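Colleague: The sequence shown begins at 1 in our numbering and counts up one residue at a time. We put the CB at the ideal spot given by N, CA and C, even for glycine. Nothing here was measured: the structure is a model prediction, and the numbers come from that model. I'd like to ask some things about the structure below.
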Amino acid sequence: MSFRELSSKFPGNWEGSIEICCEPKLDNIKNTLNFIDQNPKVWAAFGVHPHYSDNYTDEVESHLLEAMKHPKTVAWGEMGLDYHYEYSPRDAQKAVFERQLKCAVKCSKPLVIHIREAEEDAIRIMQKLVPASYPIHCWSNMYIGFTGVITFAKQLEKTVSSVPLNRILLETDAPFMTPLPHRGEVCHSGYIPLIAKKVADIKGLSLDSVYLKTRKNTTKVYQI
């Protein structure tokens with residue numbers, strides 16, 4: 001589905017989205033840079049997802065560093081550790097995670113972190129390489145992004161309830177994690193209102209207050 005087709009499904013008051021480019025393919029990086037140049041309401045984050053750690057090279061890193069210079073690049077990521085699937089060996093994941101953290105901190109970019117069943121290793125690595133005050137998507141100075149999963153995973157309601165609204169971001173993980181009542185369809189930014197409504201319902205807040213605060217959080221973290 002093209003972006004034009006997807007964006008036609010977005011709310012009329014849609015103000016923008018952040019595209020995550022996290023496969024180590026040079027064409028993907030180039031195409032995403034061209035895409036954000038052509039779309040004034042779209043920004044981007046670049047990194048290498050742990051699934052693709054085996055494909056991380058000096059050349060890929062060089063292109064990521066170059067992408068960080070683009071004025072609409074707002075973060076480094078998605079990166080981290082994923083021991084659930086282990087599409088790349090754990091040692092490779094840890095080495096690549098460390099390399100990316102060093103680069104991102106040097107570039108002073110916010111970090112978008114993916115951790116699955118690897119919390120102890122992730123915390124150890126991040127404590128070693130990331131300053132405590134650094135703005136991170138998932139850390140002590142963290143902002144936590146909630147996806148459409150909260151609309152159907154009851155066990156997450158307690159988590160949503162416990163996270164202060166001033167630390168919440170709304171995200172889709174598109175094309176995955178589609179919220180109810182659209183599970184089974186391709187996820188996209190047009191479903192953000194469903195995620196926002198679930199946050200509002202869980203916290204007993206107005207939908208407008210969730211929109212306003214999470215928008216403020218997003219602009220603060222990503223400086224857009």
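Ignoring anything shorter than 3 residues, give me the beta strand (DSSP E) runs that lie fully in the region 61-124, in order along the chain.
Modeller: Taking only runs of at least 3 residues, the beta strand (DSSP E) segments lying wholly in the region 61-124 are 73-82, 111-116.
Colleague: Answer yes if the region 115-131 comes into contact with the region 80-90, meaning at least three C-beta pairs across the two stretches below 8 Å, and no otherwise.
Modeller: Enough Cβ pairs lie closer than 8 Å, so yes.
Colleague: Pull up the distance between the alpha-carbon of residue 121 and that of residue 58, whole angstroms please.
Modeller: What you label residue 121 is simply residue 121 of the sequence shown in a count that begins at 1. What you label residue 58 is simply residue 58 of the sequence shown in a count that begins at 1. Rounded to whole angstroms, residue 121 to residue 58 spans 24 Å at the Cα level.
Colleague: What first and last residue would you give for the beta strand (DSSP E) that runs through residue 132?
Modeller: In the sequence shown, residue 132 corresponds to position 132, counting from 1. First-last for residue 132: undefined, no H or E at that position.
Colleague: Just to confirm, are residue 76 and residue 25 a CB contact at a threshold of 9 Å?
Modeller: Counting from 1 along the sequence shown, the entry for residue 76 is found at position 76. Counting from 1 along the sequence shown, the entry for residue 25 is found at position 25. In this structure, residue 25 does not lie closer than 9 Å to residue 76 by Cβ.
Colleague: So, with DSSP's three-state summary, where would you put residue 224?
Modeller: Within the sequence shown, residue 224 is the residue found at index 224, counting from 1. Reduced to three states, the DSSP call for residue 224 is coil.
Colleague: Would you kindly report the start and end of the unbroken beta strand (DSSP E) that includes residue 144?
Modeller: In the sequence shown, the residue the question calls residue 144 occupies position 144. Note, residue 144: beta strand (DSSP E), 144-146.
Colleague: Please give the ranges of any beta strand (DSSP E) in the region 166-209, keeping only runs that are unbroken, at least 3 residues long and fully inside the region.
Modeller: Here the runs fully enclosed are 168-170.
Colleague: Helix, strand or coil, according to DSSP, for residue 42 in the structure here?
Modeller: Counting from one through the sequence shown, the residue named residue 42 turns up at place 42. It is a strand residue.
Colleague: What does residue 21 pair with, by DSSP beta-bridge criteria?
Modeller: Sequence index remark: in the sequence shown, residue 21 carries index 21 (1-based). In DSSP, residue 21 forms a bridge with 46.
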